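K.L.:
In UniProt numbering, the protein residues as written are 1 to 312.
My structure is below; once you've seen it, I'll send some questions.
Here it is, written out as structure tokens:
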């Protein structure tokens, strides 16, 4: 009796193409979603572009706080440009395929930019801490050289780590379904498609999350606990209100970004729900970049004054 042939295990990674499911389950709203996300993308680019422009040309806004805000706006523009254009193409053409290399590239840039935002928000919290808790030393501490170093560090410190994590994930063998139930190549839905034991990869995700989410978030909480304590000791109600107003915008962005990021990346792979992942991913990839120009303009008198000067 002839023995059945045993096929060798094949690592399908090298010849695989993924399909981004996105919002294909809402078949009757594809064009509506295309128009909606198109105008959202344009608004994000224009809104954050205006912030970059006015904080660059207005002399009253040449302070460390607005220097960091300008970098945050640039970061948000880069962030949405990594995810939304591909989503728009998929909605328009209904061709949802993405090569393995493009998927890995998209994931890598998303991770790098998300890590940068975590660090930059922590830097902005430190800036508010020095400005409110040590106002007399603020010009000396937050000098131009330190501001540039903090921003450069925020942009580049995570690059080798995120490249390494992306490489580890895409070194896994992928087999079976190649449908990523998401609108971009995010870690949880991609790991679901991997064969074999992904425990080490999940541990790397947690370690990465500790470094770029938990540590900066705890630093922000520590900074603002001291800031709020200092504000409450101010004798004048007007001074307290003014101090709170300079912090509230930043705190709103922190709450939205970190809240959605913690829920998304600090769950076991088996506990992830595709619908829930998409919902929370919308917050840190689209909703936060939308609210950034709104929060920092409508709630900031200095920016509104500069904006009125810019408009004819």
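Each residue gets a CB set at the ideal place from its N, CA and C atoms; glycine is no exception.
The structure presented is a predicted model; accordingly, all values stated were derived computationally and were not measured.
(1) For the segment 124-140 against the segment 201-215, are there 3 or more C-beta pairs whose distance is under 8 Å?
(2) Which runs of the alpha helix (DSSP H), 4 residues or longer, sit entirely within the segment 136-163?
(3) By how many angstroms is the C-alpha of residue 43 removed from the C-alpha of residue 5?
(4) Nearest-angstrom Cα distance between residue 149 and residue 134?
(5) Start and end of the beta strand (DSSP E) containing residue 69?
(6) Take residue 151 as the anchor and find which of 195, 122, 167 and 55 has the nearest alpha-carbon.
(7) Do the segment 18-38 and the segment 98-109 make contact, defined as three or more Cβ pairs closer than 8 Å?
(8) Figure out for me which residue from 300, 64, 169 and 118 has the closest Cα to the Cα of residue 76.
(9) Assign residue 99 to one of three DSSP states: helix, strand, or coil.
(10) How do the segment 276-283 and the segment 225-232 stand: do at least 3 beta-carbon pairs fall below 8 Å, yes or no?
(11) Is it true that the CB of residue 183 sits closer than 7 Å to the CB of residue 87?
(12) Where does residue 180 sit, in a helix, a strand or coil, going by DSSP?
(13) CB-CB under 8 Å to residue 201, same chain, minus the five flanking residues each way: which ones, in chain order?
(14) Which residue's Cα is closest to the Cα of residue 70: 296, 263 and 204?
(15) Just to confirm before moving on: does the CB-CB distance between residue 189 and residue 181 stay below 7 Å?
(16) Considering only the beta carbon of each residue, do residue 185 and residue 103 sit closer than 7 Å?
(17) Check the C-beta distance from residue 307 over to residue 52 and give it rounded, since I have them as a contact under 8 Å.
(18) So is residue 48 buried or exposed if we call it buried at 16+ other beta carbons inside 10 Å?
(19) Judging by CA-CA distance, which residue of 46, 91, 66 and 73 is the nearest neighbour of residue 35?
(20) Taking residue 305 as the reference, give the member of 58, 110 and 218 with the closest Cα.
(21) Assuming residue 111 and residue 162 are in contact, meaning their beta carbons sit under 8 Å apart, how far apart are those beta carbons, in whole angstroms?
(22) Based on Cα-Cα distance, which residue from 293, 221, 265 and 234 lies nearest to residue 249?
(23) Could you tell me which of 50, 132 and 32 sits nearest to residue 247, measuring between CA atoms?
(24) So is the beta-carbon of residue 57 under 6 Å away from any non-hydrogen atom of the ligand PLP?
(25) Kindly indicate which three-state DSSP category residue 217 falls into: helix, strand or coil?
(26) With a Cβ-Cβ cutoff of 7 Å, do residue 231 and residue 241 count as a contact?
(27) Hey, how far is the Cα of residue 196 from the Cα of residue 174?
(28) Quick one: give me the first and last residue of the beta strand (DSSP E) that residue 20 is part of.
(29) Does residue 266 come out as helix, strand or coil in the three-state DSSP assignment?
(30) Report the residue from 157, 164, 218 and 41 whose alpha carbon sits nearest the alpha carbon of residue 262.
(31) Which whole runs of the alpha helix (DSSP H) in the segment 220-267 are 4 residues long or more, in chain order?
P.N.:
Taking the coordinates as given:
(1) Cβ pair count under 8 Å is below three, so no.
(2) As far as the segment 136-163 is concerned, its whole alpha helix (DSSP H) runs of at least 4 residues are 138-141 and 144-156.
(3) Since pLDDT at residue 5 reaches only 42, below the 50 mark, its modelled position is unreliable, and the value read off the structure follows with that caveat. Going by the C-alpha atoms only, they are around 59 Å apart.
(4) Taking the straight line from one Cα to the other gives about 20 Å.
(5) Where residue 69 is concerned, there is no enclosing beta strand (DSSP E), although the alpha helix (DSSP H) around it starts and stops at 64-93.
(6) Minimum Cα-Cα distance from residue 151 among the listed residues 195, 122, 167 and 55 corresponds to 122.
(7) Yes: the two stretches touch, three or more of their Cβ pairs being nearer than 8 Å.
(8) Ranking the options by Cα distance to residue 76, first place goes to 118.
(9) Under the three-state reduction of DSSP, residue 99 is assigned to strand.
(10) Taking 8 Å as the limit for Cβ pairs, the verdict is that the segment 225-232 does not touch the segment 276-283.
(11) Remark: C-beta atoms of residue 87 and residue 183 approach each other more closely than 7 Å.
(12) Strand, per DSSP.
(13) The residues are 168, 169, 172, 191 and 194.
(14) The shortest C-alpha to C-alpha distance from residue 70 to any of 296, 263 and 204 is the one to 296.
(15) Yes. Within cutoff.
(16) Note that the C-beta distance between residue 185 and residue 103 is below 7 Å.
(17) Not quite, the Cβ-Cβ distance comes to about 12 Å (not below 8 Å), so this is no contact.
(18) Residue 48 should be labelled buried.
(19) For residue 35, the nearest C-alpha among the options comes from 91.
(20) The residue with the shortest Cα to Cα distance from residue 305 is 58.
(21) Sure, about 4 Å apart at Cβ, within 8 Å.
(22) The candidate whose alpha carbon is nearest that of residue 249 is 293.
(23) Of 50, 132 and 32, the residue nearest in Cα terms is 132.
(24) Ligands are entirely absent from the displayed structure, and the ligand PLP is therefore not among its contents.
(25) Of the three classes helix, strand and coil, the one that applies to residue 217 here is helix, per DSSP.
(26) Using a Cβ distance threshold of 7 Å, residue 231 and residue 241 do not count as a contacting pair.
(27) Their Cα atoms are separated by approximately 9 Å.
(28) Where residue 20 is concerned, the enclosing beta strand (DSSP E) starts and stops at 17-20.
(29) Coil, per DSSP.
(30) For residue 262, the nearest C-alpha among the options comes from 218.
(31) List check, alpha helix (DSSP H) in window: 237-265.
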